[in-house]
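Notes follow once the structure below has been shown.
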Amino acid sequence: FHHVTPFIQTYHNKQQQPWIQLAGHQGNFKSGRQHGTILKKFCAREKEALEILMDDGLKPYVPKYYGQFKDDEGNEFIELEDLLGHFSNPCVMDCKIGVRTYLEEELMKAKEKPKLRKDMYEKMCLIDPTAPTLDEHQLRGVTKPRYMVWRETISTTATLGFRIEGIRRSDGTSSKDFKTMKSENQVKESFSSFMNERSDIVKQYLERLYALKTALAQSQFFSTHEVIGSSLLFVHDSTKASVWMIDFAKTCPLPEGCPSISHDKAWDLGNHEDGYLIGLSYLIKFFEEMITD
Ligand code: ATP
Ligand code: MG
Ligand code: MG
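Start counting at 1 in the sequence shown, then tack on 2, and there's your number in the working numbering.
See the structure below:
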């Protein structure tokens, strides 16, 4: 593996094309068994989502799913279309969509025996010493559910319904320092540096985002699932641009008592709203503002 930054790994696949991973654990991906595919560490929830998606109106907006695979050491993977395979020297951006990035069940579990966590208090203080309450300062601890809810407010996740996870630009530079990017202007500046004055590329992204929005409105999958921690992966090179939905490890069928969600209303524990369309609308708005002519 050739490391470009401590966080963003690129390596050469079988076709000697550089492959770029902007998020997730380094060991979670490897080159696929066939031309134009990659292997991602197996997750049952993600496999189930992909199986349904291959038979849904969203299929054109999702990497093709080629099934499961177990290597000689017994490690299990899912095999996916390599979305970078269609591009040469691609620019890539991962935006994690939604107003929260944890499942309601994860928050409920954290609420079961809420112990005071010194480590979480300290992490909180490092990012914003004014974030803990007086009580929390005195106890030098915060509970995990409190920390989980707070963490979504240090980026644009809670306010804009998306956050940038990583960017790799055309000059080869990349960044992952978006964890605490909170202001609209910072996000817009990051988008500008990613687009590098290419209005035509912005327009291609927009066409695709409009089409995705329409497909989401008609999708059986989208109307019956809570989509948490999933990203839109933006990829372009000097001539073309496209965007896909990726990462369904936290995408779940809605529970029985909750037959539908709007995807664009505020979240309260129990209503299962994910804010997916809030994020998509802001993305579309910011991209529209980048078109100058
Ligand atoms: P996390 O949950 O931390 O976001 P993860 O391990 O679930 O990470 P993904 O989010 O699915 O992994 O993917 C991580 C990165 O790998 C993406 O940001 C993207 O750069 C790259 N990637 C994932 N899937 C594909 C694909 N099908 N084609 C090309 N690149 C991909
Ligand atoms: Mg991801
Ligand atoms: Mg994931």
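Ideal Cβ placement from N, Cα and C applies to all residues, glycine included.
Fair warning: this is a prediction, and the values are worked out from it, not measured in the lab.
- In this structure, the CA atom of residue 223 is about 11 angstroms from the CA atom of residue 53.
- Secondary structure note for residue 258: it is in no alpha helix (DSSP H), with a DSSP letter that is neither H nor E.
- Assigned with DSSP and collapsed to three states, residue 152 falls in helix.
- Closest by C-alpha distance to residue 220, out of 28, 58, 48, 51, is 58.
- In this structure, residue 98 sits near residue 165, with a CB-CB distance shorter than 7 angstroms.
- Taking every protein chain shown into account, the CB of residue 153 has 16 or more other CB atoms within 10 angstroms, so this residue is buried.
- Residue 156 and residue 130 have their C-alpha atoms roughly 9 angstroms apart.
- Taking C-alpha positions only, residue 127 is separated from residue 66 by approximately 43 angstroms.
- The distance from the Cβ of residue 44 to that of residue 70 is about 7 angstroms, consistent with a contact at the 8 angstroms cut-off.
- In terms of CA proximity to residue 243, 92 leads the group 252, 118, 37, 92.
- One thing to note: residue 163 has its Cβ within 7 angstroms of the Cβ of residue 101.
- Counting along the chain, the unbroken beta strand (DSSP E) around residue 96 starts and ends at 93 to 99.
- Ligand 3 has a heavy atom closer than 6 angstroms to the beta-carbon of residue 251.
- A Cβ-Cβ contact shorter than 7 angstroms links residue 289 with residue 204.
- In this structure residue 118 touches residue 141 by the C-beta definition: roughly 6 angstroms separates them, less than 8 angstroms.
- DSSP places residue 228 outside any alpha helix (DSSP H); the residue lies instead in the beta strand (DSSP E), whose first and last residues are 227 to 230.
- When distances are taken from the beta-carbon of residue 51 to the heavy atoms of ligand 2, even the shortest one reaches 6 angstroms or more.
- Ligand 2 approaches residue 25 closely enough that one of its heavy atoms is under 6 angstroms from the residue's Cβ.
- Minimum Cα-Cα distance from residue 26 among the listed residues 34, 149, 248 corresponds to 248.
- For residue 103, there is no enclosing alpha helix (DSSP H), as DSSP marks it with neither H nor E.
- Per DSSP, reduced to three states, the secondary structure at residue 176 is strand.
- In terms of Cβ geometry, residue 40 and residue 94 do not form a close pair [threshold 7 angstroms].
- Classified as exposed, residue 110 has fewer than 16 neighbouring CB atoms from the shown chains inside 10 Å of its CB.
- Residue side-chain check: residue 233 places its Cβ nearer than 6 angstroms to a non-hydrogen atom of ligand 2.
- Non-local C-beta neighbours of residue 56 in its own chain, meaning closer than 7 angstroms and more than five positions away in sequence, comprise 67, ordered along the chain.
- With at least 16 other beta carbons inside 10 angstroms of its own, residue 158 counts as buried.
- With a 10 Å radius around the Cβ and a threshold of 16 neighbouring Cβ atoms, residue 275 comes out buried.
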